[in-house]
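To start, the structure under review is shown below, and the notes come after it.
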Amino acid sequence: ALAGELSGLLKLPQGAPALVVGLGNRAITPDAVGPRVHDCTLVTRHLVGRMPEQFGHLRPVASVSAEVMGSTGLESRELVASVCQSIRPCCVIAVDALASRSLGRLCRTVQLADTGISPGSGVGNARAALNAETLGVPVIAVGVPTVVDAATLALDLLDEAGADLPDPAALRGQGSVMVTPRDIDARAGQLARVVGFGVGLALQPSLSLDELRALID
5 ALAGELSGLL
15 KLPQGAPALV
25 VGLGNRAITP
35 DAVGPRVHDC
45 TLVTRHLVGR
55 MPEQFGHLRP
65 VASVSAEVMG
75 STGLESRELV
85 ASVCQSIRPC
95 CVIAVDALAS
105 RSLGRLCRTV
115 QLADTGISPG
125 SGVGNARAAL
135 NAETLGVPVI
145 AVGVPTVVDA
155 ATLALDLLDE
165 AGADLPDPAA
175 LRGQGSVMVT
185 PRDIDARAGQ
195 LARVVGFGVG
205 LALQPSLSLD
215 ELRALID
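Here the sequence shown is numbered in our numbering, starting from 5 and rising by one per residue.
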């Protein structure tokens, strides 16, 4: 399902190169989905370029884990823009963890957008945006909600209990505490594989899921 929806957004000509970008902090489990998707991405640019006879039927795909400024000293946009300038992809697929505004969507939803993404904006730490204006190529954002703020959690639980709801704006003004499932380590790994394989199938429609899994694993 993810591959089908993503293919409709990509609209890439046959053989057009693509860049997959994993955003987030590998050291913080709820924020590690992007880097883990990077690990689950089938990279083929080097194979197509060096052995076209064997791999020429595949789309050239490169992947980078942008990490965070605290680890690299670089804005994700600066790193990705440099890579784009070097390899000239036809599009960028940026994958990141999201903060959900609904408890029911937590670790159960994949959000797609063709307008790019601002890393960190969901937790009040917005960084430079990755979009067509900043990178010069279309940017498809793929996001998975892995955290929910405590105010949203409280509102959802009160609503389920049938209680009178306080003013949401006042409740959210009490500070930012983010909550994640206690088995987020397992869920993040599962979500990364789902998203990674979905991206792979969308970029390489000639491969089956079993073939893609065998090549990555």
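Glycine included, each C-beta is placed from N, C-alpha and C at the ideal position.
- The C-alpha of F201 is placed about 8 angstroms away from the C-alpha of R217.
- Minimum Cα-Cα distance from R30 among the listed residues E82, T184, D163, V41 corresponds to V41.
- For a cut-off of 8 angstroms, the C-beta gap from C95 to P39 is around 20 angstroms, too long to register as a contact.
- In the same chain as Q115, and ignoring 5 residues on each side of it, the C-beta atoms closer than 6 angstroms to its own belong to G147, in chain order.
- Contact annotation: P123 and A22 have beta-carbon atoms that are not nearer than 7 angstroms.
- Take the alpha-carbon of L207 and the one of C44: they are about 13 angstroms apart.
- Distance from V68 to V87 at the Cβ level is roughly 6 angstroms; contact confirmed, criterion being Cβ atoms closer than 8 angstroms.
- For Q208, the three-state secondary structure derived from DSSP is coil.
- Looking only at E57, V72, V152, S212, the smallest Cα-Cα distance to G108 is reached by V152.
- When the Cα atoms are used, A98 and S106 turn out to be separated by approximately 22 angstroms.
- By the C-beta criterion, the region 10-28 is judged not to be in contact with the region 178-188, since fewer than 3 inter-stretch pairs fall below 8 angstroms.
- No Cβ-Cβ contact shorter than 7 angstroms links A145 with A101.
- Excluding sequence positions up to five before and after D189, its CB lies within less than 8 angstroms of the CB of T33, all in the same chain and listed in chain order.
- One Cα belongs to A85, the other to D187, and the distance between them is close to 35 angstroms.
- Under the criterion of beta carbons closer than 8 angstroms, V72 and A192 do not qualify as touching, at roughly 16 angstroms.
- For E71, DSSP records a beta bridge to L27.
- The alpha-carbon separation between F59 and A196 amounts to approximately 25 angstroms.
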